[in-house]
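A.B. asks:
Residue numbers (this note's numbering): -3 to 252.
Here it is as structure tokens:
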């Protein structure tokens, strides 16, 4: 039986867009052994495979160009990551790898070199022996059964809302002949160039998604809004300009 995948994207559990790619890894364990207890004995079965949608009726499969088959004995444990692009996933100035102990890892993630890249990491799919999950794509096509591949955002998306307030409540200053115009918003001291590790956990507990500061720490300033926005008494999300940042590495704040 050929190995195929089932992709679910992020919090809303919507379909992973069929024109996007992701990268898969898999490790094999012999019969009678489980990933949580014997992961260190896992042998590489799939490595750095580019997975994309093959629309061939009646199957509609997510799979690699090379054909991978399920082993007749034993089980496979899968890891995956994506930059949600229309070609093979890649990061500029960074090396992405996968290990049995940690899962997906990035040696250094620089948001200046990977501006507004949506870095996705799938939860580990442990001890699989066959294609199992089936999902409809929302367009009337039902994908072939496959390995459950549930992606989560590893980065943080920024949304800034602006509203005029007076006396603790939203207030319209028009009658006061007062106008508040937002010209720019910048974030200072943003930690950057961090290392990432998926850090999967035993059982059904979600991965930790650990970010580690380099020594010495690298801090940058990033613009998140540039323009002319006239504030009103309705909270409205600002639209970042082309040169602005809307995605950053999750930040750990100092006590002050």
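Note that CB positions come from ideal geometry on N, CA and C, so glycine has one too.
For the stretch 123 to 172, list the beta strand (DSSP E) runs that are entirely contained and at least 3 residues long, ordered along the chain.
C.D. replies: 143 to 149
A.B. asks: Once the 5 residues before and after residue 36 are set aside, which same chain residues still bring their CB inside 8 angstroms of it?
C.D. replies: 96 and 97
A.B. asks: Buried or exposed for residue 68, going by 16 or more other Cβ atoms inside 10 Å?
C.D. replies: exposed
A.B. asks: In whole angstroms, give me the CA-to-CA distance for residue 155 and residue 210.
C.D. replies: Straight-line measurement puts the Cα of residue 210 at about 27 angstroms from the Cα of residue 155.
A.B. asks: Check whether the stretch 114 to 127 touches the stretch 68 to 77, taking contact to mean three or more Cβ pairs, one atom from each stretch, closer than 8 angstroms.
C.D. replies: yes
A.B. asks: List the whole-angstrom C-beta distance separating residue 19 from residue 58, where the pair is believed to meet the contact cut-off of C-beta under 8 angstroms.
C.D. replies: Contact doesn't hold; Cβ gap of about 12 angstroms is too wide.
A.B. asks: In the structure shown, what three-state DSSP assignment does residue 34 receive?
C.D. replies: helix
A.B. asks: Between 215, 66 and 235, which lies nearest to residue 223 when the distance is taken from Cα to Cα?
C.D. replies: Comparing Cα-Cα distances from residue 223 to each of 215, 66 and 235, the minimum goes to 235.
A.B. asks: Taking the C-alpha atoms as reference points, what is the distance between residue 140 and residue 49?
C.D. replies: 11 angstroms
A.B. asks: Between the alpha carbons of residue 200 and residue 28, how many angstroms are there, rounded?
C.D. replies: 19 angstroms
A.B. asks: Three-state secondary structure (DSSP) at residue -1?
C.D. replies: coil
A.B. asks: Measuring alpha carbon to alpha carbon, tell me which of 243, 157, 203 and 177 ends up nearest residue 231.
C.D. replies: 157
A.B. asks: Give me, in chain order, the residues of the same chain whose beta-carbon lies closer than 8 angstroms to that of residue 247; leave out the 5 immediate sequence neighbours on both sides.
C.D. replies: 152, 186 and 187
A.B. asks: How would you call residue 65, buried or exposed, if buried means at least 16 neighbouring beta carbons within 10 angstroms?
C.D. replies: By the neighbour-count rule (16 or more Cβ atoms within 10 Å), residue 65 is not buried but exposed.
A.B. asks: Looking only at its own chain, which residues have a Cβ that is under 6 angstroms from the Cβ of residue 193, when we skip the five neighbours before and after it?
C.D. replies: 98, 101 and 206
A.B. asks: Contact check, residue 144 vs residue 166 under 8 angstroms by CB: the rounded distance?
C.D. replies: With 8 angstroms as the limit, residue 144 and residue 166 do not qualify as a contact, their Cβ atoms being about 44 angstroms apart.
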